[in-house]
Amino acid sequence: MNIQKYKGKTLSQLKETAVRHFHKFIRERDKQKPCVSCGNYTTLQAGHFYSAGNFPETRFNQDNVQGQCKKCNYFLSGNLLPYRTELIRRIGQDRFDKLELTNQMSKRSRFKWDRFYLIEIIEKYKALNKKT
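Its first residue numbered 41, the sequence shown is counted upward by one per residue in our numbering.
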């Protein structure tokens, strides 16, 4: 990985780039699936079960992010009750419990973005997106 190409980028720019590549991956991964919350087949967004703003530790966790329609994601604030039910069905109870534990632990610590972590996310999802 050539991190030199990211030398002039701010943390904010790196995070924005990481989000773009990650969300593209989620939309591609789930394009044949219905909305995780309402079950409608439509254009999907990358909807977070645990909000990216309040839980940055799981912003790039694939278990935490599923294809979700704009109505559920934006206008229904995630439509979380049916999201939870379907998420457990999709990833299983054990992985859901691990996701919950990660977020409970994160409440006790202060999160700070790391340049190298963001670069790793960018490179990982840029490569995965090229394979599709």
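Just so it is clear, CB atoms sit at the ideal spot from N, CA and C, and this is done for glycine as well. The structure presented is a predicted model; accordingly, all values stated were derived computationally and were not measured.
In its chain, beyond the 5 residues on either side, 74 have a beta carbon closer than 6 Å to the beta carbon of residue 81.
Taking 8 Å as the cut-off, the beta carbon of residue 98 is found closer than this to the beta carbon of residue 142. Contact check for residue 119 and residue 91: beta-carbon distance about 13 Å, past the 8 Å limit, so the pair fails to qualify.
Close CB contacts of residue 159 within its chain, under the 6 Å cut and outside five residues either way in sequence, are with 43, 46 (chain order). Within the DSSP secondary-structure output, residue 86 pairs in a beta bridge with 107. CA-CA distance, residue 167 to residue 131, rounds to 23 Å.
The alpha helix (DSSP H) runs of length 4 or more contained entirely in the region 111-168 are, from start to end of the chain, 120-131, 133-146. Rounded to whole angstroms, the separation of the alpha carbons of residue 95 and residue 101 is 11 Å.
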